Amino acid sequence: MITCKGRTELLKMERATRIVQETLADCVAACRPGVTTEEIDRIAADGIRRRGGKAAFPGYRGYPKTICSSVNEEVVHGIPTPKRKLRDGDIVGLDLGVIVEGYFGDAARTAVVGDVPAPVRDLVQDTWRALVAGVSAVRVGGRIGDIGAAVEAVAKAKGYGVVREYVGHGIGTSLHEEPQVPNYGPGGKGETIREGMTLAIEPMFNLGTAKVRLGPDGWTVRTVDGKPSAHFEHTVVATIDGPVVLGFGRFSAEGLVSGVPDETEYPVSAAPPRGEPAAPGEARAY
48 MITCKGRTEL
58 LKMERATRIV
68 QETLADCVAA
78 CRPGVTTEEI
88 DRIAADGIRR
98 RGGKAAFPGY
108 RGYPKTICSS
118 VNEEVVHGIP
128 TPKRKLRDGD
138 IVGLDLGVIV
148 EGYFGDAART
158 AVVGDVPAPV
168 RDLVQDTWRA
178 LVAGVSAVRV
188 GGRIGDIGAA
198 VEAVAKAKGY
208 GVVREYVGHG
218 IGTSLHEEPQ
228 VPNYGPGGKG
238 ETIREGMTLA
248 IEPMFNLGTA
258 KVRLGPDGWT
268 VRTVDGKPSA
278 HFEHTVVATI
288 DGPVVLGFGR
298 FSAEGLVSGV
308 PDETEYPVSA
318 APPRGEPAAP
328 GEARAY
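First residue of the sequence shown: 48, per my numbering; consecutive thereafter.
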C-alpha cells in the first residue's frame, strides 16, 4: 500500500535524512587511499549515534553492518571489511539509512579516491546528473514511470548499462515501501504520484553491461563484466509546488521550499554542496 505523509511525518523523515546526509559527508571525506571500508563503517556508526539517530541497516534482512560500501565493480550492498583497503583510482558507493522516531531516511553517494580515470569519473558525474533528472521528474499528477524515463535518458545518451534488478522504492515507516521506482521507462506509466508521497530515487549505472550477479556472501552485487558501477540516492517528497529533497533543511516546521539538487558539476572528490543537494529477472527495491 502506498502511504502519503503529512507534515508531522515529514518532519521526522527530514530529521532522519539530514543525519544520513551529514554522516555520508563524513564518510565521503574519509575515502582516501589506505583507509579500509571497515573504518568507513565505524565512521558511519559513530556519526549516526552522535547525531541522535538509529542506524537502519544493521540486522535488516540479516545485513551485518551500518553502511553499504561498494567498491569499483561492486554495484550495491558491499559489506565493509577490514581486509578491503581503498586504493588510488577506486570509486566507492556509500549507502546509508537512519531511523528517527520510527521514520526512515535513505541516501547514497559515490566517492572517488585519488586520481580516477576520466571515463570512470564521467560515470560518477553522469549518475549524479541522472539523480537530478529523476528528482526533477517528480510531479504531483505525474507517473512513477516518468522518473525512470528521465534517469534512463541520461544513461542512453552516454551508453551506460542501467541496472534493472535493483530499483528505488517508497519509504516512510519502513525502509522499503510501495511503489517500486525503476531506473528505466517508459514515461507516463505506473502509479500516479500524489502529494505527500515519499520516494527513494537511486540510479545505478554501469560503465559496461547492465548485467549483474550476486556474490557468494549473499549481499554484494557486482557487474558481470567487472567494469565499474556508480550509485546515488535521495529521499524525495512530492508536493504541489514540486519535488523536495529531504535532509537539506528544505522542509521545516516553519515552511517548505520546493526544489531539486543543483545540476552543476558534482564534485566527485567530495560530497555535494551543502544545501544542494532478487531473484534473477525480478526487480528488488533495495
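Backbone N, C-alpha and C fix where the C-beta goes; we use that ideal spot for every residue, glycine too. The structure displayed is predicted, hence computed values, not measured ones.
Cα-Cα separation, residue i to residue j
| i | j | result |
| --- | --- | --- |
| T64 | D193 | 24 Å |
| K52 | R96 | 26 Å |
| T50 | M244 | 7 Å |
| E225 | D153 | 15 Å |
| E43 | V259 | It is not possible to answer for residue 43, since the shown part of the chain is limited to 48 through 333. |
| A334 | G149 | In the structure as shown, the chain starts at 48 and stops at 333, and residue 334 therefore has no counterpart that could be examined. |
| D93 | G235 | 43 Å |
| L246 | F151 | 11 Å |
Residue i classed as buried or exposed, judged by whether at least 16 other C-beta atoms fall within 10 angstroms
| i | result |
| --- | --- |
| M48 | exposed |
| T70 | buried |
| T239 | exposed |
| E312 | Caution applies to E312, whose pLDDT of 41 falls short of 50 and renders its modelled position unreliable; the value that the coordinates give is listed next. Burial call: exposed. |
Short Cβ contact (8 Å threshold) for residue i with residue j
| i | j | result |
| --- | --- | --- |
| V291 | R241 | no |
| V123 | D137 | no |
| L261 | V268 | yes |
| I248 | G181 | yes |
| G215 | E56 | no |
| K205 | D173 | yes |
| S183 | A197 | yes |
| V201 | Y231 | no |
| Y207 | L178 | no |
Option in the options with minimal Cα separation from residue i
| i | options | result |
| --- | --- | --- |
| P233 | E249, T70 and G189 | G189 |
| G273 | T128, N253 and G289 | N253 |
| A158 | K130, G255, R108 and D73 | D73 |
| E59 | R108, I146, G206 and I191 | A small fix is needed here, since residue 59 is Lys in this sequence, not Glu. K59 has its Cα closest to that of I146, out of R108, I146, G206 and I191. |
| G265 | D162, E61, Y207 and P111 | P111 |
| V82 | P105, K132, D288 and A103 | K132 |
| G144 | H281, T286, G296 and A285 | H281 |
| V36 | P275, A277, S276 and G296 | The shown model of the chain, from 48 to 333, leaves out residue 36, and the question about it has no answer. |
What are the uninterrupted segments assigned as beta strand (DSSP E) that are 3 or more residues long and contained completely in the stretch 197 to 278, given in chain order? Counting only runs of 3 or more residues that sit fully inside the stretch 197 to 278, the beta strand (DSSP E) segments are 213 to 217, 224 to 228, 245 to 248, 251 to 253, 259 to 261, 268 to 270 and 276 to 278, in chain order.
What are the start and end residues of each continuous beta strand (DSSP E) run of 3 or more residues lying completely inside the stretch 99 to 167, in chain order? Listed in chain order, the complete beta strand (DSSP E) runs (minimum 3 residues) inside the stretch 99 to 167 are 114 to 118, 121 to 123, 138 to 147 and 150 to 159.
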